[in-house]
Structures are given as structure tokens and as C-alpha cells.
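> In short: position in the sequence shown from 1, add 906, done, that's the working numbering. The beta carbon of each residue, even a glycine, is placed where N, CA and C say it ideally should be.
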Amino acid sequence: MITVYQTPVAWGTPNLSPFCFKLEAYLRMTGLPYEVKLADLRKAPKGKVPYVEFEGQRMGDSQFIIEYLKKKHGDPLDKELTPMQVAVGHTVRRMLEECTYWYIVYMRWADEAGWLAYRPVAETMVPWVVGGDIPVATLRQGMLRILHDQGTGRHSSRRYRRWPSRTSAPSRPSWARTSTCSGTSPRPSTRGSIRSW
Ligand SMILES: N[C@@H](CCC(=O)N[C@@H](CS)C(=O)NCC(=O)O)C(=O)O
């Protein structure tokens, strides 16, 4: 049994953390047995969610975990993909994780209207996930610092409202018009999964 540690669920989604959502979707789609528990970032091997515990060890990073599980249990979801489909899936994943993700973080923590909506969710993470009695304003300051260091935080909300369509791939590229983004059977990179971002 794999124990997955993640942030509390909210807004009727499987999880507001795209990385938690991704790992749980992978486990659900492969049928590997797992249970979900609330994370404690102080115990997370990389200081981030999700992390897992199995076979007496803790492991962090959704992709490292998935790669490890693929080595151990085989690759039932992606085994029929062509090298081109693997490359497209990889590229889309990297775009979502390294580009679109930061736009989401910005809209939740930096944009004033976004923060107003997200603040109650952020409050559910204190003290359980973050640990200790940290004011949510301090948590926000930390996230704003991360956004600034990463670079996304250096631009105005006005610029970001127009940003995704300019810096991400077109929402309906030809390869996304097939029933799935890579291949014909369901896998974590299907359009449904992408839409949830
Ligand atoms: N590369 C990591 C990224 C995980 C990640 O960035 N998780 C965010 C939540 S969506 C987090 O834990 N942030 C807390 C922090 O950075 O302090 C993965 O794939 O698991």
C-alpha cells in the first residue's frame, strides 16, 4: 500500500495542487493500491507535496515517484506510445509544470482578486500542512518571495491576465484534437487531465 501525503482538497477538485492531482490520477489510472493522508511539509523529503511512504521509505517529487513506480510495476498506461507521442507528452508536461504552474501560483497568491478567493484555502494549510502557528499573511509573503525569485512575480496582474495564451501552447493544437494528447487510450496526459490545470 502506498501512502500519499497531500494538501487538503478544495473547490470540488481532486486536489488544488496540480502535482498531487497528477500523482493521484496516475495511481487511480494504474490501479495501484494507495491511501491519502494530510501532508506535513516538515516531514516531506523535498519540502514539497506530494510525497509518499511505501516499503518503509519516504519519497518526494511526483515525477520521481511515477518513474520509480514504472520501473517497479511496469508501464501499463504509456507502454504502447511511439517515441513521437512520448516526446509530445513530455513536452506538454514540462510546459504545464514549469510554465502554466507558475501562472496558477501567481493568480492564487499574488493577484489581489485571486488571493481573496484563495485565502480561505491557504488557511486550511496552517498549521497542519505547513506546521506551527504561522499567520497566513506570513505564508503569503513566503510565496511572493518564491514567485519573485522564480521571475513570474516580477510582472503585474494586468500583464498576467493576458499571459497564458501568449506564452503557452495554443489551446487546440492539432495533436490535441485527437481523443487523447498522446495515443488513443486514457493516460495522465489526456485532454481531461490537461484541462484540469
Ligand atoms: N517537482 C515537484 C513540484 C511539487 C510542488 O511544487 N508542490 C507545491 C504545491 S503544488 C509545494 O509543495 N509547494 C510548497 C513550497 O514550495 O513550499 C513535484 O513534481 O512533485
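Compute the Euclidean distance between the alpha carbons of threonine 1058 and glutamine 1047, then round it to the nearest angstrom.
Each residue's Cα considered, the two are about 15 Å apart.
> Could you check the C-alpha separation between leucine 933 and alanine 1019 for me, to the nearest Å?
About 34 Å.
> Determine, using beta-carbon pairs with one atom in the segment 945-952 and one in the segment 977-986, whether at least three such pairs fall under 8 Å.
A contact is defined here as three or more CB-CB pairs under 8 Å, and the segment 945-952 fails this definition with respect to the segment 977-986.
> Once you ignore the five residues that flank glycine 1098 on each side, which residues in its own chain have a CB closer than 7 Å to its CB?
Its pLDDT being 49, under 50, glycine 1098 is placed unreliably in this model, and the value from its coordinates should be taken loosely. Same-chain partners within the cutoff: there are none.
> For the candidate residues Ala916, Gly953, Thr936 and Glu961, whose alpha-carbon lies nearest to that of methionine 907?
Glu961
> What does a CB cutoff of less than 6 Å around proline 914 pick up in its chain, not counting 5 residues either side in sequence?
The answer, listed in chain order, is Thr1030.
> I want to know whether the segment 988-1008 touches the segment 1038-1046 - three or more CB-CB distances under 8 Å.
no
> Does leucine 944 come out as helix, strand or coil in the three-state DSSP assignment?
In the structure shown, leucine 944 sits in a strand (DSSP, three-state: E or B).
> Could you give the residue range of the alpha helix (DSSP H) that holds methionine 1013?
1007-1015
> DSSP three-state label for valine 1027, please.
helix
> Which class does valine 992 belong to by DSSP, given the choice of helix, strand or coil?
helix
> To the nearest angstrom, how far is it from the Cα of valine 1032 to the Cα of aspartate 1039?
7 Å
> Have a look at leucine 944 and glycine 953 and give me their C-alpha separation to the nearest angstrom.
14 Å
> For glutamate 930, does the count of other Cβ atoms within 10 angstroms reach 16, so buried, or fall short, so exposed?
Looking at its Cβ environment, which holds 16 or more other Cβ atoms inside 10 Å, glutamate 930 is buried.
> Please name the residue, chosen from Tyr1024, Met1001, Leu1053 and Gly1037, that lies closest to tryptophan 917 on a Cα-to-Cα basis.
Nearest option by C-alpha distance: Tyr1024.
> I need the straight-line Cα distance from tyrosine 967 to phenylalanine 927, nearest angstrom please.
It is worth fixing the name first, because residue 967 is aspartate in this sequence and not tyrosine. Rounded to the nearest angstrom, the two C-alpha atoms are 12 Å apart.
> Would you tell me roughly how many angstroms separate the C-alpha atoms of methionine 935 and serine 1062, rounded to the nearest one?
39 Å
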